[in-house]
Amino acid sequence: MIRQEDWKRPGDQQLGVLFDGGKVRRRREWRGVRDTLYDYGRWLYIMSILAKFIVKPRNVKAMFRYRWMANYLAVPHMVDKFTMGLRDEALRIVHTSMDFVVFDVAKTMDNVFRGDRKTGNDEAYSAKCVLTDENAMTAFMMGFPTVKAILREVPTMFVANLLTQNSTTHYLDVAQQFGIPGDVCPMPEAEAGISIEDDFPVLGTCAVQVNTTCDGSLMCNGIIAKRLEREYGIPTFQLVAPMRHREDDVQDYAAQDIRAAIAFIEEHTGEKWDWANYFECAKRVNEATRTRLAWLDINATPYPQFVGAPFSLYNDTNYMGNCGRSPDFPPIDRKLLKYAERGYAAKRMMAPEYRHRAIIWGVQPQYCIDMLNWMVHCWGIVPLTDMLSLVNTKLIAEEDTPENREQAYYDMAWLNENMIMRNRTHGGYKVLVDELWDFCGQLNADMVIMWEHMSCKALTGMHGQFEEQARARGIHLVWVCHDLCDPRVYTRQAIRDQLNAYMRTVMREEPLDPSIEVLPDENAW
Amino acid sequence: MKDLKHLIWFENLLQTANNALVKEAKEAGGVCVAYTCENVPEPLMNLDRAFSIRLFAPNTGSLDVATYYMTAFLCETSRALLERAIEGGFNFADCVVSPDGCTMINRCVENMELLHTMGRDNGRFFHEYMEIPLKADENGLALYVLQCKNHVLAPLREHYGVDISDASIRRAAAEHNRVCELIRAIGEFRKEENPRITGYEFHVLTLATYVCPKRLVIDRLAETLEELKAREPDKKPWRARVALVGSEIDDSGLIKLIEETGAYVCADRFCFGSLPGRDPIALTEEEDALTQICRQYMYRCQCPRMMNMEKVYGRKEYVSKIAREYRADGVIYEQVKFCDPWAYERTLGASMLREDYGFPVLSIDRPYNAAASSGQLRTRVQAFVESIEIKRLKRGGAV
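Structure follows, in structure tokens:
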């Protein structure tokens, strides 16, 4: 445990005063003059992003065409969830990362609607777009500077559920009415529901799908691809990421399929692979890797700085959705590192004491991911990092040489195999179970918050092993069960109550801030 | 119909994984290669003195311990296998070869390994995990061949001194083909207007070829084939003919249950069924046997985890083809409860078979042990049979 006796938080002390059971909070948080002004300025910035987005007629049209678009009214509220109780560098880190994610998603959506046949219908633009999966590493697009990779499931499903907890329920109902059982992972199921209801934007000259995170995700691709191919005439390519991705004897296979994917894109877009651009992107991938490792180094100290959901969500966006393709990310990375180093030097803490240092393992409940921030303030548990952020640490070839051009296919394949989540959920129990204990050692963690996504068979299939091995190692393993993006199965409070019960009954601890032990946010976005 | 002479013998073999033939083969010095997925080429596990046994858990009851290890959301097949392994029911195995196919079976086998459920008294025991292609193409074939070399052939030679030469593979393929030819010849009778073998009987025979040493069932299969040639079918016609499609069926009771409602199971397109699982493997001298076997396994594979769209569409086309060939009136898509690949496949398959191919389709999920839910299943199949009869009446045909 680490405690700062002189720790103080300007402004609101009891965070429970912000909640009154409504859709939004009672009022904005008072953080003292300096931080309230900063926070308000960032709020205005987010509003400006939304305003610039909505002034375009095609985006207004999309607002009325697509059911899921209504969720985007809740963007400022989402950012507020991640900044609750934060001051100083921590507040700036969250705003810098999450505001950029908001900017990036707004840009993605603007691109989507520009080419969308049902709204913007810019055919020339659409002809230079390639649809990709939400969970796909976009490494295979690093050599196509003039082709847009459109991750259309990100705004429709993934981000929508961060914004409002009920965003997927309608689409889950649609999928289940079609016949898909209710026990499969709700994320691909909701995506299937969106496709079945024809509520995806339609654009692009071709699509590349990947066997991303799980059997459900792989199988959902077939439903989506059938509609794309047979109804909209958009050919699809299925890119393989081997399951046993740590084995040497699968790498040739993976690299060869990257070659095939690139050839497919060249054929359908008429563009040629650009090696110079690829290696530029590779440099940015390496910079992102180095920066991520630097953040983790700081988190291994007693004063972690860049933690929780923003760490995870920013990494998702940068590592996978971007994958070195945009020059906009490195300056943000550097800015975040600067804040983290400054916070570390000043020994900044988000709460008066850090009682436990936790690694967050498993798959997060999308509609309750802000719980990571809550548990810092409520229980003094600091989330050092999460499973989805523990991805590739190898540097890839970044100089344009004949040997490196060959190596590049293996590097892209490696990145593809190590997309978030699947690099742990596939590859055998060693990457999922054994390496967790290694990370606990490296980051000095005494606790594991185990998101048990009940429909994630790859994770729950190791339930007993996690339990027995944690017990043998003396690590506190807290099961937090949820159903990823369906709040009807586990409400937000039901999720938090699992941690509350553990802390009170097993750890015999009292909350740091009792006013937020029970949050009346069941009706909130 | 008069009972088949060897039916009870075959049925008894299905009462336990460690059945009489497994014991006999082990006593004769055989090396038992246990496996869990149809994507491991069977001839490669039947080389020399090795023999393959597909793990199954007949008469499954409680799944409590496996449910602790894997939660209640994993498919019942994976939990039934793990439970049986923990009980010591698979201790006869000398090794386990498992492809990282569907996640749940993979986790099941990993738990078996971590819990040391097998091989405690066998210093040569090993677990091997294979990568198998997700698409059918030449790149996938290269992977398949390499994986079979690294994770089936090399360990068998290294641990047990099994002859893995091309000649040995060809001998195993010939024996495999003999079993396939017998099963397919027996299965041909299912195309008859009034078939002389029930779907239940056929399933018992077919399942036995997966869970027993092949060389020890050949004689009785051949005898059964001869017996069938002269068998008189019952006069009473079936109410409907159905093709059964989906995840593995280890419990012949499910087929019996369907047939008790008057629906004849004329085609079996499920994991470890005969279509295409008992297609003979044609080998030429122009190429090594391993590559040829892998190619035929990969291209004929109907596993839903094969994800290229030719396969996605091809699986429905295949079901339609066999349904017409075996004169099915309807198709039953089934999945073991909580199986993700077949959850999606049966949904899309049911939709396409109904809308694109014009078949009446029943789509069901079911427990591993059909007896656990027999009332509900029977009601659903009865309703399906009646709906087929009503359609027939509306078309002006006789019931």
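Which chain is which? The protein sequence lines are A and B, in order.
For what it's worth, this note's numbering labels the leading residue of the first sequence as 1, then goes sequentially.
For what it's worth, this note's numbering labels the leading residue of the second sequence as 526, then goes sequentially.
Just so it is clear, CB atoms sit at the ideal spot from N, CA and C, and this is done for glycine as well.
This one's a predicted model, so the numbers in the text were calculated from it and none came from an experiment.
Per-residue burial, residue i [other beta carbons within 10 Å of its own, 16 or more giving buried]
i	result
Gln165/A	buried
Asn373/A	buried
Pro331/A	exposed
Val33/A	exposed
Trp7/A	exposed
Gly644/B	buried
Met421/A	buried
Met47/A	exposed
Ser587/B	exposed
Arg849/B	exposed
Closer than 7 Å to chain B by CB, residue i
i	result
Lys56/A	no
Ile420/A	no
Asp249/A	yes
Ile475/A	no
Gln256/A	yes
Asp199/A	no
Asp215/A	yes
His543/A	In the structure as shown, chain A starts at 1 and stops at 525, and residue 543/A therefore has no counterpart that could be examined.
Tyr253/A	yes
Thr138/A	no
Asn423/A	no
Asp411/A	no
Arg471/A	no
Ile180/A	yes
Lys457/A	yes
Start-to-end residues for the beta strand (DSSP E) that takes in residue i
i	result
Pro680/B	Here Pro680/B belongs to no beta strand (DSSP E); instead the alpha helix (DSSP H) covers 679 to 685.
Ile722/B	Taken as a continuous stretch (DSSP letters only), Ile722/B belongs to no beta strand (DSSP E), as it is neither H nor E.
Met447/A	447 to 453
Ser126/A	Where Ser126/A is concerned, there is no enclosing beta strand (DSSP E), although the alpha helix (DSSP H) it sits in stretches over 123 to 126.
Leu131/A	129 to 132
Ser577/B	575 to 579
Lys148/A	148 to 150
Residue i - partner residues in DSSP beta bridges
i	result
Cys705/B	Bridge partners of Cys705/B: none, in fact.
Ser859/B	Checking the sequence shown, residue 859/B turns out to be Glu, not Ser. Paired residue(s): Gly771/B, Ile889/B.
Cys323/A	Looking at the DSSP assignment, Cys323/A forms no beta bridge with any residue, so it has no partner.
Gln238/A	Gln209/A
Pro383/A	Ala358/A
Tyr654/B	Ser623/B
Arg765/B	Correcting the residue type first, residue 765/B is Ala in the shown sequence and not Arg. Bridge partners of Ala765/B: Ala788/B.
Tyr253/A	Note: Tyr253/A sits in no beta bridge, so no partner.
Cys378/A	Answer is none; Cys378/A lacks a bridge partner.
Gln353/A	Sequence inspection shows Glu at residue 353/A; the Gln mentioned does not correspond to that position. Answer is Arg3/A, bridged to Glu353/A.
Tyr560/B	Arg579/B, Val622/B
Residue i: first and last residue of the uninterrupted alpha helix (DSSP H) it sits in
i	result
Arg357/A	Premise fails: Arg357/A lies in the beta strand (DSSP E), 356 to 362, not in any alpha helix (DSSP H).
Lys754/B	743 to 754
Val621/B	No alpha helix (DSSP H) contains Val621/B, which is instead part of the beta strand (DSSP E) from 620 to 624.
Val285/A	275 to 299
Lys548/B	545 to 552
Beta carbon proximity, residue i to chain A, threshold 7 Å
i	result
Phe651/B	no
Ser888/B	yes
Tyr593/B	yes
Pro866/B	yes
Met643/B	no
Phe598/B	yes
Ser909/B	Correcting the residue type first, residue 909/B is Phe in the shown sequence and not Ser. False, the Cβ-Cβ gap to chain A never drops below 7 Å.
*For the segment 94 to 113 of chain A against the segment 238 to 251 of chain A, are there 3 or more C-beta pairs whose distance is under 8 Å?*
no
_Taking contact to mean 3 or more Cβ pairs, one atom from each stretch, closer than 8 Å, check whether the segment 211 to 218 of chain A and the segment 125 to 140 of chain A are in contact._
yes
*Count the C-beta pairs between the segment 264 to 274 of chain A and the segment 684 to 694 of chain B that are closer than 8 Å, then say yes if the count reaches three, no if not.*
no
*asked:* Closer than 8 Å is the cut-off here; do at least three beta carbon pairs connect the segment 815 to 824 of chain B with the segment 727 to 743 of chain B?
replied: no
*Inspect the CB distances between the segment 355 to 362 of chain A and the segment 441 to 452 of chain A and report whether three or more fall short of 8 Å.*
yes
_Does the contact criterion of 3 or more C-beta pairs under 8 Å hold for the segment 843 to 858 of chain B versus the segment 791 to 806 of chain B?_
yes
*Is there contact between the segment 824 to 843 of chain B and the segment 659 to 670 of chain B, where contact requires at least three CB pairs shorter than 8 Å?*
yes
*asked:* Measuring CB atoms only, is the segment 33 to 43 of chain A touching the segment 386 to 406 of chain A, in the sense that at least three cross pairs come out at less than 8 Å?
replied: no
_Under 8 Å, with one C-beta from each stretch per pair, do the segment 445 to 460 of chain A and the segment 586 to 601 of chain B reach the 3-pair mark?_
yes
*At a cut of 8 Å, does the segment 536 to 556 of chain B reach the segment 615 to 623 of chain B through at least three beta carbon pairs?*
yes
_Stretch-stretch touch, CB-based, cutoff 8 Å, three pairs: the segment 796 to 804 of chain B with the segment 738 to 751 of chain B_ = no
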